[in-house]
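The numbering of the sequence shown is the numbering used here, which starts it at 1237 and goes up by one.
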Amino acid sequence: MIPDQPLGVVELIIQSSMMAKGVLLILLIFSITSWAIMLNKYFVYRSARSEDNKFLEVFSKTENLTQIYSFAKELQVSPLARLFLTGYRELYLFQEMAKDDRKKRGELPLSSGEKLTERDIKGISLALNKAINREVERFSKRLEFLATTGSTTPFIGLFGTVWGIMHSFRSIGVQGTASIGGVAPGIAEALIATAAGLVAAIPAVIFFNYLNNKIFVLTSTMDDFCQDFIYLAEKNFTLSKERESSLDLS
């Protein structure tokens, strides 16, 4: 007589109760969605890092803002290029405002050596800080789902396990027997839910912490770049306290 073969995981899932199948379906949805987010974030971050390296190479080799601007416009996902474009537009805005102010006072238009005031620099710094916040929000988008997955799915799996064990003990009471052969399949079915919850949670937690660390490093890099941009702007445009005083008096 051939002994009964132990049931595999698939067979246990097929023979499980509707409640157990519902729990496993919820965990599967969490897992698939988490993996979609993780893969998307991984490739976006890798592309952004690659473009940042290209941009920094150009930024470090030239001090001509117009040339850097032309290159930065070609980059799609680089956070540093986006910061540069924000700062460059602010510079252009302040230049146009300065030209209009000179025209109102009957003075000559600003030349290529036009001057920035301390107020201009503060305005540029404020715009860059806002741009940093936007980039952090862009990279952090949907990460809360990974945190939710990591903290919730183990408990969903535990619920499925508890429900399965309750179902197994109920069967023992109905059958009036507590043999291992009668109880083991139900216990194994129940433990699958716990395993599934951990399978969904562990990758989500690992990648959530990984990407949070990358975002922290990226934020620090963007802060450093803002200082470099302001320094470069000050080198290209002489600071003027005289124009700031005249603007304050008008």
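Every residue, glycine too, gets a C-beta built ideally from N, C-alpha and C.
Given this structure, state the Cα-to-Cα distance separating residue i from residue j, to the nearest angstrom.
| i | j | result |
| --- | --- | --- |
| Lys1257 | Ile1428 | 11 Å |
| Phe1473 | Lys1377 | 37 Å |
| Ala1469 | Leu1447 | 32 Å |
| Phe1330 | Tyr1305 | 17 Å |
| Ile1357 | Val1435 | 51 Å |
| Asn1289 | Phe1381 | 29 Å |
| Thr1269 | Asp1460 | 35 Å |
| Gly1386 | Phe1405 | 30 Å |
| Pro1439 | Thr1384 | 12 Å |
| Leu1301 | Glu1332 | 16 Å |
| Ile1466 | Leu1316 | 13 Å |
| Leu1321 | Val1441 | 34 Å |
| Ala1437 | Val1313 | 29 Å |
| Ala1284 | Gln1463 | 20 Å |
| Leu1364 | Leu1379 | 24 Å |
| Val1280 | Glu1373 | 14 Å |
| Gly1359 | Leu1319 | 14 Å |
| Asn1449 | Thr1430 | 29 Å |
| Leu1311 | Phe1444 | 26 Å |
| Glu1299 | Phe1291 | 13 Å |
| Thr1353 | Tyr1328 | 14 Å |
| Ala1432 | Val1259 | 9 Å |
| Phe1375 | Gly1400 | 40 Å |
| Ser1267 | Ile1423 | 23 Å |
| Ile1451 | Thr1389 | 25 Å |
| Gly1342 | Arg1355 | Low per-residue confidence applies at Gly1342: pLDDT is 45, beneath 50, and the placement is therefore not dependable enough to give any value. |
Take the Cβ of residue i as the centre, count every other Cβ of all protein chains shown within 10 Å, and call the residue buried at 16 or more, exposed below.
| i | result |
| --- | --- |
| Pro1345 | Its pLDDT being 42, under 50, Pro1345 is placed unreliably in this model, and the coordinates cannot settle the point. |
| Met1254 | exposed |
| Tyr1324 | buried |
| Phe1391 | exposed |
| Ala1308 | buried |
| Lys1362 | For clarity, residue 1362 is Leu in the given sequence; the question names Lys instead. Its Cβ having fewer than 16 others within 10 Å, Leu1362 is exposed. |
| Ser1286 | exposed |
| Ala1272 | exposed |
| Lys1471 | exposed |
| Arg1282 | exposed |
| Glu1425 | buried |
| Glu1326 | buried |
Just to confirm the assignment, what range does the alpha helix (DSSP H) spanning residue i have?
| i | result |
| --- | --- |
| Lys1366 | 1354-1376 |
Under 8 Å, Cβ to Cβ, is there at least one residue of chain B near residue i?
| i | result |
| --- | --- |
| Ile1368 | Absent from the structure: chain B. Only one protein chain is present. |
Validate contact between the segment 1272-1287 and the segment 1295-1303 using beta carbons, cut 8 Å, 3 pairs: no
Ranges of the alpha helix (DSSP H) found wholly within the segment 1284-1339, counting only runs of at least 4: 1301-1308
Any 3 or more C-beta pairs closer than 8 Å across the segment 1367-1383 and the segment 1441-1457: yes
Contact the segment 1388-1407 vs the segment 1260-1267: 3+ CB pairs below 8 Å: yes
Segments assigned alpha helix (DSSP H), at least 4 residues, entirely inside the segment 1428-1454: none
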